[in-house]
Amino acid sequence: MTPFFGNLLVRVNAGFLILASAGGLATDIAGSFFGRGAEAILLADAPGTGIGFIEAHGLALIIGVTLSRIAYSRTWHAFLAAVHMLLGTANLLFWQFFIAADVLVVGYVTTAAHFLFVVAHLAALAGTARLAASPR
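Last residue of the sequence shown? That's 302 in the numbering used here, and every number before it is there in order.
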């Protein structure tokens, strides 16, 4: 993968993380502190459990903002593949939350996007490794 396309992939990824996590944080705050929105049903009896939602979405936002400002390096592909593997796997392991909150479409879209980013970053990493190893 050329640096141009690698950089583009990282920037698109940053945009996704910023938008998805900001939406998640808004939903987390509404459910945790105001008993409103999709998460209200999940947090009604235990609002303190919202800490996990807020931490995860907050960290994803921080990663997205950081990525939008970094200089491109192929090592970011491994980092981002790991980030999206964690987020996508967590979505699958806690799929019942999407069902209980009646936000299956959000679950489908975000989980698919996470795993698409895993594949894209692993492919980019493999492609840059081949480029680095090829004779010039």
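C-beta: ideal position from N, C-alpha, C; glycine also.
Predicted model only: the values in this text are computed from it and were never measured.
Cβ-based neighbour list, residue i, same chain, cut-off 7 Å, excluding 5 preceding and 5 following
i	result
residue 257	273, 276, 277, 280
residue 203	193, 196, 197
residue 288	247
residue 201	210
CB contact below 7 Å: residue i versus chain D
i	result
residue 204	Of the protein chains in this structure there is only one, and it is not chain D.
Distance, residue j Cα to residue i Cα
i	j	result
residue 224	residue 265	22 Å
residue 207	residue 226	23 Å
residue 293	residue 253	24 Å
residue 184	residue 178	10 Å
residue 199	residue 291	41 Å
Residues near residue i in its chain [Cβ-Cβ closer than 6 Å; skip 5 each side]
i	result
residue 220	194
residue 242	176
Which of helix, strand or coil DSSP assigns to residue i
i	result
residue 204	coil
residue 167	coil
residue 238	coil
Close-in-space but distant-in-sequence residues of the same chain around residue i (CB under 8 Å, 5 per side omitted)
i	result
residue 215	208, 209
query = Quick one: complete alpha helix (DSSP H) runs, 4+ long, within the region 206-285?
reply = 206-209, 216-233, 241-259, 261-266
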